[in-house]
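A.B. asks:
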């Protein structure tokens, strides 16, 4: 039986396994999850766009999810978030291909991800990602960033069941000249009723994914301090 410490729960771990010559079989499935997210004292309806990855590293099975974007129920933002999710997914597809890992990827699409949102909406311009600021900095543009972390309460609704938990969110505020741009990324989701070890795993993966993004920024000359998502030692339950 695979222990929790031996579990594969990140794409980065699959890439390392492939680099060691292990045979990786990978299946990827897009997942749409409706949640209520607590923000600034109010609950907002949100759709989280994730990929569920499963397969084998040699004979070692794995299954985990990676979150790519979350979408407010505001039409003017929905297409932007859909494009950001697909851009991030494309980067992961390329990372995997570089080490010989292939799969049939189905990208997020408007029809199965944005239920209830008008189909004639327009995207805002421009749609920016962390990678855009990496490229700007490498091109000689002065870029600075402030990073803050939050762990809002969420209520996940999937297949008719509801689950209370928390999200690990990083908020990057970039400054270029007089312009400021804020980008939020969801690094993980945990449940208040999950085992302590599972919560610790969620937070550990969130911190490792966050560190990878911070390293991308630093490699382009952007100074960024990296706080840590902290484990939840005390659980809060509805009485």
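In full-length UniProt numbering, the protein residues as written are 1 to 239.
The beta carbon of each residue, even a glycine, is placed where N, CA and C say it ideally should be.
Enumerate, from N- to C-terminal direction, the unbroken beta strand (DSSP E) stretches of 3 or more residues contained entirely within the region 138 to 215.
C.D. replies: Runs of the beta strand (DSSP E) inside the region 138 to 215: 144 to 150, 153 to 158, 161 to 176, 179 to 191.
A.B. asks: I'd like the list of long-range same chain contacts for residue 107, defined as Cβ closer than 7 Å, with 5 residues on each side in sequence excluded.
C.D. replies: As a working note, residue 107 is residue 107 in the chain shown. Hits under 7 Å: 86, 89.
A.B. asks: CA-CA distance, residue 163 and residue 95?
C.D. replies: Position 163 of the chain shown, counted from the first residue, corresponds to residue 163. Position 95 of the chain shown, counted from the first residue, corresponds to residue 95. Those two C-alpha atoms are separated by around 33 Å.
A.B. asks: Tell whether a beta-carbon distance below 8 Å holds between residue 70 and residue 47.
C.D. replies: For the purposes of this step, residue 70 is taken as the residue at position 70 of the chain shown. For the purposes of this step, residue 47 is taken as the residue at position 47 of the chain shown. Yes; because the gap between Cβ atoms is below 8 Å, this pair is in contact.
A.B. asks: Can you tell which of 45, 93, 196, 165 has its C-alpha closest to the C-alpha of residue 287?
C.D. replies: Since the first residue of the chain shown is 1 and the last is 239, residue 287 is not available in this structure.
A.B. asks: If you run the structure through DSSP and keep just helix, strand and coil, what is residue 133?
C.D. replies: Working through the chain shown from its first residue, we reach residue 133 at position 133. DSSP places residue 133 in helix when its eight states are reduced to three.
A.B. asks: Quick check on DSSP: helix, strand or coil for residue 16?
C.D. replies: Sequence index remark: in the chain shown, residue 16 carries index 16 (1-based). Looking at residue 16 - three-state DSSP - the assignment turns out to be helix.
A.B. asks: Please state if the CB of residue 210 and the CB of residue 189 are separated by a distance shorter than 8 Å.
C.D. replies: As a first step, residue 189 is located in the chain shown; it is residue number 189 there, counting from the start. As a first step, residue 210 is located in the chain shown; it is residue number 210 there, counting from the start. Not in contact: residue 189 and residue 210 (Cβ atoms no closer than 8 Å).
A.B. asks: If you pair each beta-carbon of the region 31 to 39 with each one of the region 221 to 233, do three or more pairs fall below 8 Å?
C.D. replies: The region 31 to 39 is not in contact with the region 221 to 233.
A.B. asks: Using only CA atoms, which one of 192, 141, 153 lies nearest to residue 41?
C.D. replies: Here residue 41 refers to the residue found at position 41 of the chain shown. Ranking the options by Cα distance to residue 41, first place goes to 153.
A.B. asks: Evaluate residue 104 with the Cβ neighbour count: other Cβ atoms within 10 Å of its Cβ, from every protein chain shown; 16 or more gives buried, anything less gives exposed.
C.D. replies: As a first step, residue 104 is located in the chain shown; it is residue number 104 there, counting from the start. It is exposed - the Cβ of residue 104 has fewer than 16 other Cβ atoms within 10 Å.
A.B. asks: Relative to the C-alpha of residue 44, which candidate in 176, 132, 35, 61 has its C-alpha closest?
C.D. replies: Counted from its first residue, the chain shown places residue 44 at position 44. Measuring from the Cα of residue 44, the nearest candidate turns out to be 35.
A.B. asks: Check each candidate in 165, 180, 182, 201 and name the one with the smallest Cα separation from residue 193.
C.D. replies: On the chain shown, position 193 is the one that residue 193 refers to. Minimum Cα distance to residue 193 is reached at 165.
A.B. asks: Between residue 6 and residue 203, what straight-line distance do the alpha-carbon atoms span, to the nearest angstrom?
C.D. replies: For the purposes of this step, residue 6 is taken as the residue at position 6 of the chain shown. For the purposes of this step, residue 203 is taken as the residue at position 203 of the chain shown. Their backbone Cα atoms lie some 16 Å apart in a straight line.
A.B. asks: How would you label residue 58, buried or exposed, when you count the other beta carbons within 10 angstroms and need 16 or more for buried?
C.D. replies: Looking up residue 58 in the chain shown gives position 58. With fewer than 16 Cβ atoms within 10 Å of its Cβ, residue 58 is classed as exposed.
A.B. asks: Taking a contact to mean a Cβ-Cβ separation below 8 Å, would you say residue 176 touches residue 143 in this structure?
C.D. replies: Sequence index remark: in the chain shown, residue 176 carries index 176 (1-based). Sequence index remark: in the chain shown, residue 143 carries index 143 (1-based). Yes, Cβ-Cβ distance for residue 176 and residue 143 is below 8 Å.
A.B. asks: Among residues of its own chain, excluding the 5 on either side of residue 38, which ones have a beta-carbon nearer than 6 Å to its beta-carbon?
C.D. replies: Here residue 38 refers to the residue found at position 38 of the chain shown. Cβ within range, chain order: 152, 153.
A.B. asks: Sorted by chain position, which residues of the same chain lie with C-beta nearer than 7 Å to residue 125's C-beta, five sequence neighbours on each side aside?
C.D. replies: Counting from one through the chain shown, the residue named residue 125 turns up at place 125. Any reading at residue 125 needs caution, since the residue's pLDDT is 49, under 50, leaving its predicted position unreliable; the model's value is listed next. Hits under 7 Å: none found.
A.B. asks: Determine the direct distance from the alpha carbon of residue 83 to that of residue 150, and round the result to whole angstroms.
C.D. replies: Translated into positions along the chain shown, residue 150 becomes position 150. Translated into positions along the chain shown, residue 83 becomes position 83. For residue 150 and residue 83, the distance between alpha carbons rounds to 24 Å.
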